[in-house]
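Take 1 as the starting number for the sequence shown in full-length UniProt numbering and just add one per residue. No residue lacks a Cβ here, since even glycine has one placed at the ideal position from N, Cα and C. These notes are about the structure you will find just below.
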Amino acid sequence: MLRAASNFRAVANRGLAASAAATRPGVPRDEREGKEIYTTVGIDHNEPKFDKILIANRGEIACRVIKTAKAMGIKTVAVHSDVDSNSLHVKMADEAVCVGEAPTAKSYLRVDRILQAVEDTGAQAVHPGYGFLSENTKFAAELEKAGAKFIGPNSKAILDMGDKIHSKKIATAARVSMIPGFDGEIADEDMCVKVSRDIGYPVMIKASAGGGGKGMRVAWNDKQAREGYRLSKQEAASSFGDDRMLVEKFIDNPRHIEMQILCDKHGNALWLNERECSIQRRNQKVIEEAPSSFVPPEMRRKMGEQAVQLAKAVGYDSAGTVEFLVDSQRNFYFLEMNTRLQVEHPITECITGIDIVQQMLRVAYGHSLPITQEQVPLNGWAFESRVYAEDPYKGFGLPSVGRLSKYVEPRHVDGVRCDSGIREGSEISIYYDPLICKLVTHGDNREQALNRMQEALDNYVIRGVTHNIPLLRDIVQEKRFRTGDITTKYLPEVYPEGFQGTVLTANEQETVIAFAAALNARKLARANQFLNQNKQRSTHVASFSKTYKFVSSLPVKEGERATEHAVEVSFVNGDANKAKVLIGGKTVDISGNLSLSLPVNSIEVNGEHITTQIVGKRAGEITVLYKGTPFKVKVLPEQAVKYLQYMKEKAKVDLSTVVLSPMPGAIKNVNVKPGDMVSEGQELVVMEAMKMQNSLHAGKTGRVKAVNVKVGATVDEGEVLVELE
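Below is the structure:
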């Protein structure tokens with residue numbers, strides 16, 4: 001008999017059939033109907049299937065599985081932590097079960113409580129999504145014992161491929177191309193250093209049971225090997241409950257290209273073409289595309305065949321991904337196999353027309369794959385941008401938390417698919433991955449898919465949290481990325497000083513200033529009107545017939561003094577949506593809805609269409625989002641400018657004397673106490689945010705004046721953790 005703590009057995013059985021759920025208030029229409037699922041295989045409603053499944057996950061992947069299940073006529077059960085009780089995946093499911101408190105170790109990783117939920121709800125099968133329990137052999141085996149199906153590969157395949165040490169041996173036997181490395185588990189820091197020296201730096205230190213960029217570090221010397229081993233081991237224990245580590249040669253300047261496979265329980269195995277995942281930060285993918293512009297047909301065939309060889313060698317029987325590193329000569333080496341549904345699976349669905357989740361459900365039930373290798377298509381091109389609640393100006397993305405006060409996905413753009421698990425009002429917390437949405441675009445070719453991604457990013461409205469759209473938007477227009485000249489070193493090579501926002505040309509700066517000035521002029525003109533009175537018409541004409549004069553400036557870089565421009569704005573024939581702006585001796589014609597209240601402004605500037613957003617307004621300043629980057633434009637009346645010289649500048653903090661929290665998170669280690677002498681670069685504090693370990697170091701040599709936190713404390717961004725004399 002399955003057991004769980006009674007206070008977490010609140011089964012919220014809403015007793016709704018799939019058809020009833022499709023009209024439930026509060027569930028967005030697109031999520032209810034699952035319109036964005038790309039599939040050409042079709043659904044045979046007369047084919048035997050599961051009656052009810054449980055999704056042992058949260059967020060966008062839980063919503064994604066629910067969409068396909070509903071389309072197939074399968075009832076769904078969501079599990080959730082206490083803080084996720086109002087989440088979108090809970091609202092979309094037919095039933096929901098609370099399995100614990102917010103920390104993953106007390107909820108989504110509690111095998112016993114999820115097994116109890118399976119028994120209580122009568123679910124016949126469990127889809128694990130990705131992460132959490134998706135590659136946990138114990139969970140898969142326990143499900144089988146309980147009489148429920150695991151919608152994924154068999155336990156043996158997970159064990160063989162999920163353990164990176166063991167998987168290398170199997171891959172070698174299956175004649176898959178391999179990276180040089182050490183065949184075995186790394187016991188401690190000393191062994192890590194010794195093995196690293198034997199292989200030759202640089203090396204990759206990573207968790208045997210890891211994935212998703214967690215529990216991984218690159219080391220270039222002994223010191224980094226020791227620190228990388230320790231931090232990766234801690235991350236692995238926290239994220240996967242398995243802290244075994246391995247070391248292998250790090251291939252400099254590689255591409256990360258992976259092959260999607262799909263297998264059934266009848267010996268059939270397919271490769272569904274490759275995905276390029278080279279745009280990464282901290283070993284986590286940022287933008288993916290399918291297919292890869294670097295892979296010719298013959299190489300694609302060889303990679304696919306090796307991936308299938310490996311799958312057959314372990315009796316694989318579900319969806320999975322075989323990852324390769326590819327050098328500049330197009331040699332490819334086995335990296336690892338992910339025995340689960342991959343985060344970036346939507347782009348493969350776009351180019352093949354195959355609903356991978358649907359096939360996972362069919363295969364788990366016992367059906368054969370409906371097509372052969374020769375029938376797998378490759379149609380067009382697709383990109384996926386991972387939209388995160390992160391600050392891209394800090395290490396290409398440190399997590400951000402907060403509530404989504406305004407949220408509008410760009411579903412109206414042609415070829416767009418949004419896989420998300422949030423909605424307006426949702427909370428991004430410190431407990432889970434900060435993914436907001438997987439924004440996918442599909443086109444007939446690479447250029448069209450990229451152009452659609454650019455348009456989608458310009459139209460994506462997110463307020464309330466810091467997000468990484470500025471970085472994503474800059475990448476999709478960057479010359480190297482546009483030509484496909486990318487490696488896993490793309491970000492540090494293109495942005496050697498870190499991402500600092502889109503760099504505007506002189507004409508683009510004038511466009512942004514002119515637009516902000518036109519908005520401010522319209523605001524002043526409207527303020528001068530007498531509304532709801534007989535005078536309204538005459539005051540409207542007078543207000544929009546005036547010429548408004550400002551002094552405007554746009555700082556190109558944070559802290560840099562901006563050049564001031566005299567700006568004059570007049571409205572053409574008194575039309576509030578047609579402005580003529582004189583700036584620096586040039587005339588800029590702007591037309592469109594010049595409203596400060598619109599979430600997105602689609603306007604014409606000198607006959608050229610541009611999309612902008614207004615993300616901030618205060619006296620004398622308008623923040624314009626242009627090409628994804630926010631620009632704070634000063635727009636002041638001429639008479640106000642002369643008073644600015646009397647405003648005192650804010651004193652700058654000496655950051656070398658303090659260690660600040662770079663993001664919200666929890667303190668894992670404090671390595672110093674007041675009175676200790678520390679050297680520049682010495683690790684003082686380790687904090688965890690969104691399951692990632694972050695080491696914080698001293699900015700200078702000195703004595704510790706104060707330590708303001710303890711292990712286990714939760715801190716906010718910018719909080720002073722340690723002070724130096």
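Among residues of its own chain, excluding the 5 on either side of residue i, which ones have a beta-carbon nearer than 8 Å to its beta-carbon?
i    : result
D676 : R703, V704
F294 : R255, I257, E276, V326, R330, G484
N451 : G443
G718 : L660, S661
E305 : W271
V567 : I513, A514, A517, K549, F550, V551, S552, V581, L582, I583, V635
A708 : Checking the sequence, you will find Asn at residue 708 rather than Ala. Cβ neighbours of N708 beyond the five flanking positions: E719, V720, L721, V722, E723.
Residues in the same chain with beta-carbon distance under 7 Å from residue i, minus the five sequence neighbours each way, listed in chain order, please.
i    : result
V195 : F182, I186, V247
Q613 : V461, P599, V600, N601, L625
W220 : Y201, P202
A689 : P399, I430, M663, P664, G665
With DSSP as the reference, identify every bridge partner of residue i, one or two as the case may be.
i    : result
V387 : C437
R703 : M677
Q358 : Beta-bridge pairing links Q358 to no other residue.
I186 : M245
N671 : None; N671 has no bridge partner.
D654 : DSSP output for D654 lists no bridge partner at all.
Q613 : L625
G181 : E248
T714 : A666
I590 : A579, V605
M692 : A689
I257 : E276, F324
H127 : I55
P399 : E390
I462 : Y407
E568 : K549, L582
So, is residue i buried or exposed, given that buried needs 16 or more other C-beta atoms within 10 angstroms?
i    : result
S405 : exposed
T629 : buried
T714 : exposed
V711 : exposed
T505 : exposed
D84  : buried
Q342 : buried
R561 : exposed
D252 : exposed
L262 : buried
H89  : buried
Y431 : buried
H609 : exposed
H467 : buried
G26  : With a pLDDT of 31 at G26, under the threshold of 50, the modelled position of that residue is not reliable, and no figure is offered here.
R618 : exposed
Y646 : exposed
With a threshold of 6 Å on Cβ separation, who are the neighbours of residue i within its own chain once the five nearest residues in sequence on each side are excluded?
i    : result
Q309 : A174
K223 : none
M108 : A small fix is needed here, since residue 108 is Tyr in this sequence, not Met. So the qualifying residues of the chain are F132.
Y316 : P153, A157, C263
S545 : G574
K35  : Note that K35 has pLDDT 44, beneath the 50 cutoff, so the model's placement of it is unreliable and the number below is only indicative. None.
D458 : T611
Task: the segment 398-418 contacting the segment 295-312, beta-carbon criterion three pairs below 8 Å - done: Verdict: no, contact absent.
Open item on the list: Within 8 Å, do at least three Cβ pairs link the segment 690-700 to the segment 642-661?
Closed with: Three or more beta-carbon pairs separated by less than 8 Å link the segment 642-661 to the segment 690-700, which places the two stretches in contact.
Open item on the list: Is it the case that the segment 445-459 contacts the segment 578-594, given that we only count it when at least three CB pairs across the two stretches are under 8 Å?
Closed with: Flag = no, the segment 578-594 and the segment 445-459 do not touch.
Task: Contact the segment 333-342 vs the segment 159-172: 3+ CB pairs below 8 Å - done: Counting C-beta pairs with one atom in each stretch, the segment 333-342 and the segment 159-172 have three or more that are closer than 8 Å, which means they touch.
Task: Three or more C-beta pairs below 8 Å linking the segment 568-587 and the segment 482-499 - done: Verdict: no, contact absent.
- [ ] Write down every uninterrupted run of the beta strand (DSSP E) in the segment 197-229 whose length is 3 residues or greater and which is fully enclosed by it, in chain order.
- [x] Segments of the beta strand (DSSP E) lying fully in the segment 197-229: 203-211, 214-219.
Open item on the list: Would you call the segment 147-156 in contact with the segment 279-287, where contact means no fewer than 3 C-beta pairs closer than 8 Å?
Closed with: Counting C-beta pairs with one atom in each stretch, the segment 147-156 and the segment 279-287 have fewer than three that are closer than 8 Å, which means they do not touch.
Task: Every unbroken alpha helix (DSSP H) within the segment 290-356, with a cutoff of 4 residues, ordered by chain - done: Listed in chain order, the complete alpha helix (DSSP H) runs (minimum 4 residues) inside the segment 290-356 are 297-313, 345-352.
- [ ] Please confirm if the segment 376-387 is in contact with the segment 57-71, defined as three or more CB-CB distances below 8 Å between the two stretches.
- [x] Because the criterion of three Cβ pairs below 8 Å is not met, the segment 376-387 and the segment 57-71 do not touch.
Open item on the list: With three or more C-beta pairs closer than 8 Å as the rule, is the segment 263-271 touching the segment 226-241?
Closed with: Touching, no, given that fewer than three Cβ pairs across the two stretches are closer than 8 Å.
- [ ] Report yes or no: do the segment 365-380 and the segment 679-691 share at least 3 C-beta pairs separated by less than 8 Å?
- [x] The answer is no - the segment 679-691 does not touch the segment 365-380, with fewer than three Cβ pairs under 8 Å.
Task: the segment 421-439 / the segment 355-364 touching (three or more Cβ pairs under 8 Å) - done: The answer is no - the segment 355-364 does not touch the segment 421-439, with fewer than three Cβ pairs under 8 Å.
Task: Any alpha helix (DSSP H) of 4 or more consecutive residues that is wholly inside the segment 137-184 - done: When DSSP assignments are scanned along the segment 137-184, the uninterrupted stretches of alpha helix (DSSP H) that are 4 or more residues long and fall wholly within it turn out to be 137-145, 155-162, 164-173.
TODO: Decide if the segment 127-141 is in contact with the segment 90-98; the criterion is three or more beta carbon pairs, one per stretch, under 8 Å apart.
DONE: No, the segment 127-141 is not in contact with the segment 90-98.
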